[in-house]
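Participant:
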Amino acid sequence: MDRTVTLFCLNLPHGAAIELVDDPMKHLCEAAGLRMPAFDKTSPFPSANTPNGVVGIRFQFPERDLVSEVRYLEEELAKLNIERMQVEVELKESKERYHEQEIEHKNAIARLKEDAADREKQLTRNLNIMQIEKNATQKELDEVKGQKPEGVDPLVIDPFSLGLGAFAQQATWALKACIEDIDRRMDEAGKIGTALAQNRSELNERLDEMAQLPPEEELTPELRKKLADMEKDYNEVTRQSARFFHTNQPISSIEAAQASPYPRREKGEKRSTSPSKIRSVIEGLDKLEAAAVQLTANLRSMEEKLAKKDEELRDLRAENSRLEIQVRAVQ
Numbered sequence: 018m019d020r021t022v023t024l025f026c027l028n029l030p031h032g033a034a035i036e037l038v039d040d041p042m043k044h045l046c047e048a049a050g051l052r053m054p055a056f057d058k059t060s061p062f063p064s065a066n067t068p069n070g071v072v073g074i075r076f077q078f079p080e081r082d083l084v085s086e087v088r089y090l091e092e093e094l095a096k097l098n099i100e101r102m103q104v105e106v107e108l109k110e111s112k113e114r115y116h117e118q119e120i121e122h123k124n125a126i127a128r129l130k131e132d133a134a135d136r137e138k139q140l141t142r143n144l145n146i147m148q149i150e151k152n153a154t155q156k157e158l159d160e161v162k163g164q165k166p167e168g169v170d171p172l173v174i175d176p177f178s179l180g181l182g183a184f185a186q187q188a189t190w191a192l193k194a195c196i197e198d199i200d201r202r203m204d205e206a207g208k209i210g211t212a213l214a215q216n217r218s219e220l221n222e223r224l225d226e227m228a229q230l231p232p233e234e235e236l237t238p239e240l241r242k243k244l245a246d247m248e249k250d251y252n253e254v255t256r257q258s259a260r261f262f263h264t265n266q267p268i269s270s271i272e273a274a275q276a277s278p279y280p281r282r283e284k285g286e287k288r289s290t291s292p293s294k295i296r297s298v299i300e301g302l303d304k305l306e307a308a309a310v311q312l313t314a315n316l317r318s319m320e321e322k323l324a325k326k327d328e329e330l331r332d333l334r335a336e337n338s339r340l341e342i343q344v345r346a347v348q
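Residue numbers for the sequence shown follow the working numbering, so the first one is 18 and each next one is one higher.
Set out below in structure tokens:
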């Protein structure tokens, strides 16, 4: 909003004088040392057509309402304070949420470690059971070796379905083949279990290293290389375990009996040794293989969950940093 100030220059006998209608401009002229003659504010002012050389000049001055400006600045300051308080509340809530999620992530990692340790113990127990069964089978084989053949034709023996003690030589062959297969499977399962345990230990070490790093710090090239090598080793162990458990399926005693080239004995014939121990060994192998497959799948699931939790933690830290930057900018 502007206002108009009218300036009049009058030809006076003793020099020029200035009279301003508005008091603020009059005060400025007085401050400049100009002596102003007294004018009657109520009398009509001279115009441009006034005689004696009176000339009227108009000036435009912007109006400055200091009270309005102060009020406006106070309102803006109040708005900024409200925004700052809102950002501080959001930052506080974000920190609390980050703290809760961090505790939840730590608990989840602890549960994953406990689960992996329990499964490793279970695999160890299964391997011990397999070793005990192997020793029992070896003992039975030694007992069978001490028996003498009774003149039975070896071509009519079915050791898997009618008993291994019917003919000592034939039973020896069958038991040796079974023990060799058990040894092979136990060695391969042991190697895979050892590789999985070592891989799990390395993952735990890397996880502890990651927990010690600051949230905003980027990974070093050396640590990136270690993580890449660990991922490569993990994938190799997974491929080996999958290839082993899918290509080396156990053959049950029923299938072996059906595929045997020897004819069965009659029911009335005498059976000296039961194949229940051999079947229990094979069933134990099946259970061990299933447990190893399940352990591999669970380990992969744990790794995926851990990666997801790490991603959420990184996002939360980035959001927290963004809110802190906003608070510093407002302050």
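Positions of the beta carbon are idealized from the N, C-alpha and C atoms, including for glycine.
1. Excluding the 5 residues flanking L129 on each side, which residues of the same chain have their C-beta closer than 6 Å to its C-beta?
2. Just confirm the distance between the C-beta atoms of E341 and L108, as a whole number of angstroms; I'd bet it's less than 8 Å.
3. Could you tell me the alpha carbon to alpha carbon distance between E226 and I146, rounded to whole angstroms?
4. Please tell me whether E137 and A214 are closer than 8 Å, where the distance is taken between their beta carbons.
5. Should E150 go down as buried or exposed, given a rule of 16 or more other Cβ atoms within 10 Å for buried?
6. Just how far apart, CA to CA, sit E100 and I209?
7. Skipping 5 residues on each side, what residues in its chain have a beta carbon closer than 8 Å to that of A194?
8. Using the Cβ count rule (16 or more neighbours within 10 Å means buried), how would you classify K165?
9. State yes or no: is the C-beta of Q139 within less than 8 Å of the C-beta of A308?
10. Leaving out five residues before and five after D132 in sequence, what residues of the same chain have Cβ atoms less than 8 Å from its Cβ?
11. How close, in whole Å, do the beta carbons of E105 and V344 come, if the pair is a contact with beta carbons under 8 Å?
12. By how many angstroms is the C-alpha of N221 removed from the C-alpha of K156?
13. Report the rounded CA-to-CA distance for N124 versus D159, giving the unit in angstroms.
14. How close, in whole Å, do the beta carbons of L333 and Y115 come, if the pair is a contact with beta carbons under 8 Å?
15. Let me know if I120 comes out buried or exposed under the rule of 16 or more other beta-carbons within 10 Å of its beta-carbon.
16. What's the C-alpha gap between A335 and D246?
17. Counting C-beta neighbours from all protein chains within 10 Å, is the total for N143 16 or more, i.e. buried, or is it exposed?
18. Going by beta-carbon coordinates alone, are L330 and I126 separated by less than 8 Å?
19. Between which residues of its own chain and V347 is the CB-CB distance below 8 Å, once the five residues before and five after are set aside?
20. Alpha carbon to alpha carbon, what distance is there between R339 and H122?
Facilitator: Reading from the atomic positions:
1. If we look at L129 and ignore the five residues flanking it on each side, its Cβ neighbours are M319.
2. About 7 Å separates the two Cβ atoms, so the contact holds.
3. Roughly 36 Å separates the two Cα atoms.
4. Yes, the pair counts as a contact, with Cβ atoms nearer than the cut-off.
5. With 16 or more other Cβ atoms within 10 Å, it is buried.
6. If you take the alpha carbons of E100 and I209, they lie about 59 Å apart.
7. Taking C-beta separations shorter than 8 Å and ignoring five residues to either side along the sequence, A194 has no partners in its chain.
8. In this prediction, K165 scores a pLDDT of 46, lower than 50, which makes its location untrustworthy; the coordinate-derived value is nonetheless stated afterwards. Its Cβ having fewer than 16 others within 10 Å, K165 is exposed.
9. Closer than 8 Å, so yes.
10. Non-local beta-carbon contacts of D132 in its own chain, meaning distances under 8 Å to residues more than five positions away in sequence, involve N315, M319 in chain order.
11. About 6 Å separates the two Cβ atoms, so the contact holds.
12. Our two residues, K156 and N221, have alpha carbons roughly 41 Å apart in a direct line.
13. Computed Cα separation, rounded: 52 Å.
14. That belief holds up - the Cβ atoms of L333 and Y115 are roughly 5 Å apart, short of 8 Å.
15. Looking at its Cβ environment, which holds fewer than 16 other Cβ atoms inside 10 Å, I120 is exposed.
16. Using only the alpha carbons, I get a separation of about 28 Å.
17. The Cβ neighbour count for N143, taken over all protein chains shown within 10 Å, is at least 16; the residue is labelled buried.
18. No Cβ-Cβ contact shorter than 8 Å links L330 with I126.
19. Answer for V347: L97, E100, R101, V104, listed in chain order.
20. Cα to Cα, H122 sits roughly 22 Å from R339.
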